[in-house]
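Okay, so here's the structure we're looking at.
Right under this line is the structure:
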């Protein structure tokens with residue numbers, strides 16, 4: 014039986030695309046809704062380090078940056094040892110819609126995991142994206 018490889022979630026944000034773009038592609042924005050702090054360069058090939066007061070951290074490697082429309086990165090898979098080279102790919106797509114912006118996030122790469130790894134990573138990230146995108150909407154809406 015094949016495992017689901019993809020998490021996809023779309024939210025509507027009643028703000029201009031430029032505002033949403035700034036929230037997802039600046040260290041200030043990412044460090045407010047996605048982490049508690051963020052440092053690094055948001056450019057293709059650059060890395061952004063997110064951190065939380067709990068001591069947890071995440072390193073994003075920027076893979077794609079199409080101004081105002083697509084931001085993508087790869088990152089460590091939740092639940093795997095830090096030295097594991099496998100990553101998932103996360104892509105945010107922004108499109109204008111009725112009075113604001115539609116933001117879709119798609120994370121892929123879970124099919125490379127075995128059963129136990131998949132259960133932890135896929136379920137954890139499915140819950141995580143719901144929570145994180147709710148925080149993004151709240152942040153942008155101020």
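Numbering (our numbering), first residue to last: 14 to 155. Glycine included, C-beta positions come from ideal geometry on N, C-alpha and C. It should be emphasised that the depicted structure is a prediction, and the values quoted were computed from it without experimental measurement.
Checklist entry - Which residues in the same chain as residue 145 place their Cβ atom closer than 8 Å to its Cβ, once the five residues preceding and following it in sequence are excluded? => result 46, 47
Checklist entry - Tell me which same chain residues have a C-beta within less than 7 Å of the C-beta of residue 109, skipping the five on either side of it? => result 30
Next on the checklist: Distance check for residue 75 and residue 118, CA to CA, integer angstroms please.
Outcome noted: 15 Å
Item to check | DSSP state of residue 42 mapped onto helix, strand, coil | outcome: helix
Checklist entry - From residue 72 to residue 32, what does the alpha carbon distance come to, in whole angstroms? => result 23 Å
Checklist entry - Count the other CB atoms within 10 Å of the CB of residue 128; is the residue buried (16 or more) or exposed (fewer)? => result exposed
Checklist entry - Within this structure, are the beta carbons of residue 61 and residue 43 separated by less than 8 Å? => result yes
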